[in-house]
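These notes are about the structure you will find just below.
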Amino acid sequence: MENEKVRTEVFINSLEKENTPFLDELEKTAKADNVPVIRKEVQSLLKVVLEMKKPKRLLEIGTAVGFSAILMAEYGPKDMEIVTIENYDKRIRRAEKNIALSGYGDRIKLIRGDAAEVLPTLEGSFDLVFMDAAKGQYIRFFPEAKRLLSDGGILISDNCLGGGDILESRFVVERRDRTIHRRMRDYLLAVKNDDSLVSAVLSAGDGITVSVKRG
Ligand SMILES: C[S@@+](CC[C@H](N)C(=O)[O-])C[C@H]1O[C@@H](n2cnc3c(N)ncnc32)[C@H](O)[C@@H]1O
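Throughout the sequence shown, residue numbering follows the working numbering, covering 2 to 216 in sequence.
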């Protein structure tokens, strides 16, 4: 079963077209430095959603070194504003440099700080919210993510199935991972059972949720 999933993923990835040379180089460098970036399947999903939704404002939680923010600027509408939040100094410096080099400095606004503190300070609404930060915090970010979503807005959260760990009983999961395991299960239940959203949990990549806020 696990082998089947890996083969499917390899096959799907073999169908992918390259991104721009700048993004391909940034992805390669990030991976070489062990900086997490969204997987190919997630990149494709975001491109599809950007094309369907054509968001005017987009919020990302978890910039890392800017790869996904730059990818969304590249494949989203020309007049889209992206606000992205990151709390790890070393990555913030690299993200700022990458965003400047990408030429999208006028569209991407990077906010330094813990998303739990930054989110309540944000005003206005966002047509797309992409959550890609510490998995154990998603349940904490959820009320603010909902508040900030416009009617008909889309919430996507990445890494929700933790490579399949979430399926396991909490007793099989290592003791140190149990809190994240419980919080992620709570998050998935909260997303699926929230009447203000229509949500799907997909097994693509490391597990993704896609929700639309009812109008
Ligand atoms: C998976 S990486 C993001 C990858 C990025 N979206 C990409 O694909 O290029 C998650 C990032 O979220 C940041 N992060 C984790 N918890 C955070 C928090 N509470 N507030 C802000 N950033 C956070 C981490 O430092 C890390 O760089």
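Every residue, glycine too, gets a C-beta built ideally from N, C-alpha and C.
Please classify L27: does DSSP put it in a helix, a strand, or coil?
Of the three classes helix, strand and coil, the one that applies to L27 here is helix, per DSSP.
Which residues mark the beginning and the end of the beta strand (DSSP E) in which L123 is found?
Secondary structure note for L123: it is in no beta strand (DSSP E), with a DSSP letter that is neither H nor E.
For F127, does the count of other Cβ atoms within 10 angstroms reach 16, so buried, or fall short, so exposed?
Looking at its Cβ environment, which holds 16 or more other Cβ atoms inside 10 Å, F127 is buried.
Segments of 4+ residues assigned as alpha helix (DSSP H) that fall wholly inside the region 17-102
Listed in chain order, the complete alpha helix (DSSP H) runs (minimum 4 residues) inside the region 17-102 are 22-33, 41-54 and 68-76.
Cut-off 8 Å between Cβ atoms - residues of its own chain near A74, not counting five sequence neighbours on either side:
Same-chain partners within the cutoff: M81, I83, S103, Y105, R108 and I109.
Going by DSSP in three states, S170 sits in which element: helix, strand or coil?
Note: S170 maps to coil in three-state DSSP.
To the nearest angstrom, report how far apart E52 and V66 are at their CA atoms.
E52 and V66: Cα-Cα distance of roughly 24 Å.
Exposed or buried, K91, counting other C-beta atoms within 10 Å across all chains shown (16 or more means buried)?
Answer is exposed; the Cβ neighbour count stays below 16.
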